[in-house]
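Working notes, beginning with the structure itself.
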Amino acid sequence: MASGSTKKLAVANTKTLNQLHLITLIINVISIFVIFVFKRPSSYKPWLILSIPSFIIEYNLEKSGRPKYVTEGSGVQKLIRSGDDIHQSGGLFEYFFDVVYLTWGFNILMIVIGSNKIWWLYLIIPGFVIYKLYGIVSPFLLNRKGNAQAVGEDQQQQQQQQSSGTSKRQQKLQARREKGTAVKYR
């Protein structure tokens, strides 16, 4: 027997996936209608090629998020698997939804403007990926020299402590005395 949270997750996933597929169907049917009836834009190939990533992502969302049920002998459906939580924030599913939403927006802009030049905006996605990867990789590439210098300075401070035989706190207090600032003791 499934717990309440898995049942809620299954219902929420089913509702979200059904809405996602319905909106995608409506937008793409309108796009096909405008392309083939009004001949705006003149070619359907960019729409077809650049909608494929959205279709693949929706398929992946369907496979991982759709709950699985089994019908028992009495006709009652039993929840076997609730599916992955596609509503989680900060994960891969969030990026999946972003790509689908961008594709919807580009389809609508293509319908309104009537030009395939809208699909150049799809370069936002690889640009965002490069930005995210730069944020992950840059600390490792840019701070190698800085880390080596910091390690060298730490080693020098440790050597000074060992040679003087005083702790860091004692060294700070002594430096304050030399500056002439008053040191308060508790």
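For the sequence shown, counting from 1, position 70 maps to 70 in the UniProt record's numbering; every step adds exactly one. Beta carbons are placed, not taken as given, at the ideal position from N, Cα and C, and that holds for glycine.
State the Cα-Cα distance for the pair residue i and residue j, rounded to the nearest angstrom.
i	j	result
Ser167	Arg176	14 Å
Thr16	Leu22	10 Å
Ser89	Pro139	25 Å
Thr14	Gln155	59 Å
Val70	Ala10	14 Å
Phe38	Leu25	19 Å
Arg66	Val29	24 Å
Leu48	Leu141	39 Å
Val100	Leu20	9 Å
Pro46	Ala12	34 Å
Phe33	Pro41	11 Å
Gly98	Gly135	The amino acid at residue 98 is misidentified as Gly; the sequence shows Asp. Near 19 Å, if we compare the C-alpha coordinates of Gly135 and Asp98.
Pro126	Gly4	39 Å
Gln170	Val137	39 Å
Gly180	Leu173	11 Å
If you count every other CB in all the chains shown that lies within 10 Å of the CB of residue i, and 16 or more means buried, which is it?
i	result
Asn18	exposed
Met1	The predicted model places Met1 with a pLDDT of 49, which falls under 50 and marks its position as unreliable, so this point remains unresolved.
Glu58	buried
Trp119	buried
Gly83	buried
Phe93	buried
Ile56	exposed
Ile130	exposed
Should residue i and residue j be called a contact, given that it needs their Cβ atoms to be closer than 9 Å?
i	j	result
Glu72	Lys63	no
Asn143	Ile27	no
Ser31	Ile111	yes
Ser51	Thr6	no
Lys68	Ile80	yes
Leu109	Leu121	yes
When DSSP labels each residue in this structure, what does residue i get in the three-state scheme?
i	result
Gln88	coil
Met1	Only weak support is given to the placement of Met1: the predicted model assigns it a pLDDT of 49, under 50, and the value that follows is read from those uncertain coordinates. DSSP places Met1 in coil when its eight states are reduced to three.
Lys172	helix
Lys39	coil
Arg81	strand
Val100	helix
Tyr44	coil
Thr16	helix
Val70	strand
Thr24	helix
Val129	helix
Ser138	helix
Asn116	helix
Val34	helix
Give the C-beta separation of residue i and residue j to the nearest angstrom, bearing in mind that I take them to be a contact with Cβ-Cβ under 8 Å.
i	j	result
Phe96	Leu61	6 Å
Asn116	Ser43	6 Å
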